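Peer 1:
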Amino acid sequence: MQALLLNGSRPNDPIAERAQAVAARPGKKICNRSSSANPTPSSKYFGATMRKIFLGVFILCVMTGCAAPTLISSPPPAAIEADYALTNATLIDGTGADPVSDAVLLVKGERIVAVGSAASLTVPAGVKSIDLQGATILPGFINAHVHFAFDEQKLETWAQGGVTTVRDEGIVSDLALEDLLALRDRTRSDSRIARLVSAGYMMTVPDGYGDLFVTSPEDARQKAVEELDAGVDLLKISLENGYAGQSGLPLLSDEEMAAIVTATHERGKPVSGHITQGAYLERMVKAGVDDVGHIPYDYINPDVLKAMVAKDIYFTPTFTVFRNYGAPISSCVSNLRQFLKLGGKVALGNDYGGGPGDFELGIPMYEIAQMSRAGMTPMQIITASTLNAAHVSNLEQELGSLVPGKIADILVVNGDPLTDLQALTQIRMVVHNGIIIRDENP
Ligand SMILES: [Zn+2]
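Quick note: to get my numbering, add 92 to the position in the sequence shown (first position is 1).
(1) Tell me the rounded alpha-carbon separation between A399 and V438.
(2) Compare the C-alpha of L432 against each of Q472, M294, R415 and F414 and name the closest.
(3) For the beta strand (DSSP E) that contains M521, what are its first and last residues?
(4) Compare the Cα-Cα distances from A461 to each of V264, P448, G449 and A476 and report the closest residue.
(5) Helix, strand or coil for H483? Go by DSSP, reduced to three states.
(6) Could you give the C-beta distance for T368 and P388, rounded to a whole number, given that I count them as a contact under 8 angstroms?
(7) Jot down the residue ranges of each uninterrupted alpha helix (DSSP H) in the region 238-294, minimum 4 residues, whole runs only, in chain order.
(8) At a cut-off of 6 angstroms, would you count G446 as near ligand 1, judging by its Cβ distance to the nearest heavy atom?
(9) With H, G and I counted as helix, E and B as strand and the rest as coil, what does DSSP make of P231?
(10) Measuring straight from C-alpha to C-alpha, what distance separates A113 and K200?
(11) In chain order, what residues of the same chain have a beta carbon less than 7 angstroms from the beta carbon of E244, not counting five sequence neighbours either side?
(12) Distance, Cα to Cα, A291 vs R203?
(13) Whole angstroms are fine: how far does the CA of R520 sit from the CA of V484?
(14) Please work out which residues of its chain come closer than 6 angstroms, Cβ to Cβ, to Q50, disregarding the five sequence neighbours upstream and downstream, and give them in chain order.
(15) Beta carbon of D443: closer than 6 angstroms to some heavy atom of ligand 1?
(16) Excluding the five sequence neighbours on either side, which residues of its own chain have a C-beta within less than 6 angstroms of the C-beta of L320, listed in chain order?
(17) DSSP on I421, reduced to helix/strand/coil?
(18) Using only the heavy atoms of ligand 1, determine whether one of them is closer than 6 angstroms to the beta carbon of E348.
(19) Would you say the beta carbon of E452 comes nearer than 6 angstroms to a heavy atom of ligand 1?
(20) Is any non-hydrogen atom of ligand 1 found closer than 6 angstroms to the C-beta of E261, if you look at the structure I gave you?
(21) Helix, strand or coil for A181? Go by DSSP, reduced to three states.
(22) Whole-angstrom Cβ separation of V396 and A227, contact assumed at under 8 angstroms?
(23) Can you give the Cα-Cα distance for R313 and E348, rounded to whole angstroms?
(24) Going by DSSP, which residues form a beta bridge with L198?
(25) State yes or no: is the C-beta of N416 within less than 7 angstroms of the C-beta of P448?
(26) Please list, in chain order, all residues of the same chain as Y293 whose beta carbon is under 6 angstroms from its beta carbon, the five residues on each side excluded.
(27) Any idea if E459 is buried or exposed, counting beta-carbon neighbours within 10 angstroms, 16 or more meaning buried?
(28) If you run the structure through DSSP and keep just helix, strand and coil, what is D531?
(29) My output table needs one value for A355: the three-state DSSP class, helix, strand or coil.
(30) Pull up the distance between the alpha-carbon of S364 and that of A322, whole angstroms please.
(31) Among R280, A466, K378 and F451, whose alpha-carbon lies nearest the alpha-carbon of L487?
(32) Please report how far the alpha carbon of A515 lies from the alpha carbon of G232, in whole angstroms.
(33) Drop a sphere of 10 angstroms on the beta-carbon of L434, count the other beta-carbons inside from all chains shown, and report buried for 16 or more, exposed for fewer.
(34) Under DSSP, the beta strand (DSSP E) around S221 begins and ends at which residues?
(35) As a quick exercise: from S422, M457, G454 and M463, pick the residue whose alpha carbon is nearest that of G436.
(36) I need the straight-line Cα distance from N333 to L373, nearest angstrom please.
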């Protein structure tokens, strides 16, 4: 694997070097402005995009006479600044790409600045190197379906357990929303505790399943806007007829759901949908939610699963809560298998606190075991737990994969989770916002 640097270039990339030389010339404001207007690097396509932009800048500069770049001699590649390096371990970047053996990952401040194999990326002189022989480096895990997460002690336990972000899928609290969101905001700066993403209150109709009631499409839109104005990260809606002894609960109308989804998407935020029965999946998919929480244990029409895949709607299965209710897990597993065969995407979430019984804080290994039963490979499970969970949390640009520019949330485990998923429980180090918050490296 070629090393990737924060500026999107590769070492000894002549085009990038020339462009850096152009951009570095004093008094050439147009060029500088053009070259600094780049988005945060966040994908494997970034290198190619950067090269196109640099070429564009070069051509613009030549046309406007603003620079006469020296093309004959290139300066040496810009030195990479880093605080420390993780080295001598296998790296799984969260995208599903092949693992990189003998990897080097450089961190500066809260960000990853370079990733590559030792053959392609040298640890800069003077930078502390942390030898992780025998370990695997992964993105910090994300549990994309929890409740009762507005609790610093729990958030610390999650972070120490390698889960550096949790998505609260419906507030259950008597505290005021602004106080809860103030705690959410503190989780963005306090690296001891897991980052918290909040879906606000689950939206439904009066006497329905949820905590925020809407009475018409207009009211649904207004309540959605109010929650978004208050600062929640996404919205959550339910279509729940009832379970665990309840039945016949009233439901949101298609118009009300559409009003909520439209208002939320207008703000660039996602909507998560709650169902437990296959019969309601079609309406949820038509409403255009971004992910569906809970994979039903009854019949699901395959055409609806196909529509989900076509619309890129993710499933967050939450086997743990079904187990705790005594539901037939094998049926959930076969529904997930069917979804996967159609090309469906999955995110990790266990519905912590969403029902009776025990839920794992830290990495939810029961979820992972059921994903494996449904036919997911260890690599697919890792992607579901990192990049896909970041996607449904609307944090894909910042988290979920180990690429330059993203926040350094990193889990290091002993052994190889690709051959034995139990390795995920053998935590050696946790990095959150670039800070090593758990260190059991010998
Ligand atoms: Zn839930």
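Positions of the beta carbon are idealized from the N, C-alpha and C atoms, including for glycine. These numbers were taken from a predicted model, which means no experiment stands behind them.
Peer 2: The answer reads as follows:
(1) The alpha-carbon atoms of A399 and V438 are separated by roughly 15 angstroms.
(2) Relative to L432, the option among Q472, M294, R415 and F414 whose CA is nearest is Q472.
(3) Note, M521: beta strand (DSSP E), I519 to H524.
(4) When C-alpha distances from A461 are compared across V264, P448, G449 and A476, the shortest belongs to A476.
(5) Three-state result, H483: helix.
(6) The Cβ separation is near 6 angstroms, so the contact holds.
(7) Correct list: 244-252 and 269-278.
(8) Within the cutoff, so yes.
(9) P231: strand per DSSP, three-state reduction.
(10) Low confidence applies to A113: its pLDDT is 37, below 50, so where it sits in the model is not reliable, and the reading given next is rough at best. Cα-Cα distance, rounded: 23 angstroms.
(11) Counting only Cβ-Cβ distances below 7 angstroms, and skipping sequence neighbours, we find I285.
(12) Rounded to whole angstroms, A291 to R203 spans 26 angstroms at the Cα level.
(13) C-alpha separation (whole angstroms): 27 angstroms.
(14) Only positions 93 to 534 of the chain appear in the structure, and residue 50 is not among them; the question remains open.
(15) True, at least one ligand heavy atom lies under 6 angstroms from that Cβ.
(16) For L320, the CB contacts under 6 angstroms within the same chain, skipping 5 residues up- and downstream, are R359 in chain order.
(17) Reduced to three states, the DSSP call for I421 is helix.
(18) E348: no, Cβ never under 6 angstroms from ligand 1.
(19) Every heavy atom of ligand 1 is 6 angstroms or more from the Cβ of E452, so no.
(20) Under cutoff, so the answer is yes.
(21) Under the three-state reduction of DSSP, A181 is assigned to strand.
(22) Actually they are not in contact, since the Cβ atoms of V396 and A227 sit about 42 angstroms apart, beyond 8 angstroms.
(23) Taking the straight line from one Cα to the other gives about 8 angstroms.
(24) Answer is A177 and A206.
(25) Yes, these two residues count as a Cβ contact at 7 angstroms.
(26) Within the same chain, Y293 has close Cβ partners I263, D303 and L304.
(27) For E459, the number of other beta carbons within 10 angstroms of its own is at least 16, and it is reported as buried.
(28) Three-state result, D531: strand.
(29) In the structure shown, A355 sits in a helix (DSSP, three-state: H, G or I).
(30) The alpha-carbon atoms of S364 and A322 are separated by roughly 18 angstroms.
(31) Ranking R280, A466, K378 and F451 by Cα distance to L487 puts R280 first.
(32) A515 and G232 have their C-alpha atoms some 14 angstroms from each other.
(33) Exposed, because fewer than 16 other Cβ atoms sit within 10 Å of the Cβ of L434.
(34) Counting along the chain, the beta strand (DSSP E) containing S221 begins and ends at K220 to D223.
(35) Comparing alpha carbon positions, the residue from S422, M457, G454 and M463 closest to G436 is M463.
(36) Their Cα atoms are separated by approximately 12 angstroms.
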